[in-house]
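Peer 1: Got a structure for you, written out below as structure tokens; questions coming shortly.
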Amino acid sequence: MQTPAVTNGQGPVNVGPLTPPRPRLAIRELRSEDLESLIRIASAFETILPNVLELARKIEVLEGRVQDVEFRYTLLTQKVIGSDTRTRDTEEKVHEMSRILGASTVEEKITELLALVQAETLRLSQLNS
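The sequence shown maps to residues 786 to 914 in the numbering used here.
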């Protein structure tokens, strides 16, 4: 085993011997049951890989939607606080939005927040007209 040469700017530092790599089994040394297991695992992985990739794509889309909803929530909160002079009503709306953000699934959050945004937008448009 060799000791690597490492310096700290003031000279060599002894970091100890390098650990040798673990020995790998050559394919010819594997038992046939091991090879069959590896083939089954590879086949299963090949089967589920498209599903995993599709799921990752859907998660990416949902994350984008959540970010959009959170942005709308921020804008809506600013509008509500800016347009509503009744503090208690404003606090109730902010509490309701916070409750929705605590929903268990991303889909529930998106659905509930979009419904709340639509209702509040309608209410604000009626106030302005």
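In this text, a Cβ means the ideal position worked out from N, Cα and C, and glycines have one as well.
If you draw a straight line from the C-alpha of T832 to the C-alpha of Q903, how long is it?
Peer 2: Within the sequence shown, residue 832 is the residue found at index 47, counting from 1. Within the sequence shown, residue 903 is the residue found at index 118, counting from 1. Rounded to the nearest angstrom, the two C-alpha atoms are 42 angstroms apart.
Peer 1: For S828 and E848, what's the separation of their Cα atoms in angstroms?
Peer 2: The count along the sequence shown starts at 1 and reaches residue 828 at position 43. The count along the sequence shown starts at 1 and reaches residue 848 at position 63. Rounded to the nearest angstrom, the two C-alpha atoms are 31 angstroms apart.
Peer 1: My assumption, with CB atoms under 8 angstroms, is that E877 sits in contact with L901. Please give the rounded CB distance.
Peer 2: One-based indexing of the sequence shown puts residue 877 at position 92. One-based indexing of the sequence shown puts residue 901 at position 116. With a Cβ gap of about 12 angstroms, E877 and L901 do not count as contacting.
Peer 1: In whole angstroms, give me the CA-to-CA distance for E905 and E897.
Peer 2: Numbered from 1 along the sequence shown, position 120 holds the residue referred to as residue 905. Numbered from 1 along the sequence shown, position 112 holds the residue referred to as residue 897. Taking the straight line from one Cα to the other gives about 12 angstroms.
Peer 1: Whose CA, out of R816, V851 and R908, lies closest to the CA of E893?
Peer 2: Here residue 893 corresponds to residue number 108 of the sequence shown, with the count starting at 1. Of the candidates R816, V851 and R908, the one whose C-alpha sits nearest the C-alpha of E893 is V851.
Peer 1: Pop quiz: I895 and V846 are said to be a contact at Cβ under 8 angstroms. What is the actual Cβ separation, rounded to whole angstroms?
Peer 2: Counted from its first residue, the sequence shown places residue 895 at position 110. Counted from its first residue, the sequence shown places residue 846 at position 61. Not a contact, Cβ separation roughly 11 angstroms.
Peer 1: So, for E839: in the same chain, excluding its five sequence neighbours on each side, which residues have a beta-carbon less than 8 angstroms away from its beta-carbon?
Peer 2: What you label residue 839 is simply residue 54 of the sequence shown in a count that begins at 1. Around E839: no qualifying Cβ.
Peer 1: Buried or exposed: where does L861 fall if 16 or more other Cβ atoms within 10 Å of its Cβ makes it buried?
Peer 2: On the sequence shown, residue 861 is found 76 positions in, with the first residue counted as 1. Its Cβ being crowded by 16 or more others within 10 Å, L861 is buried.
Peer 1: When the Cα atoms are used, what is the spatial distance from V837 to E821?
Peer 2: If you number the sequence shown from 1, residue 837 lands on position 52. If you number the sequence shown from 1, residue 821 lands on position 36. If I take the Cα positions, the gap works out to 24 angstroms.
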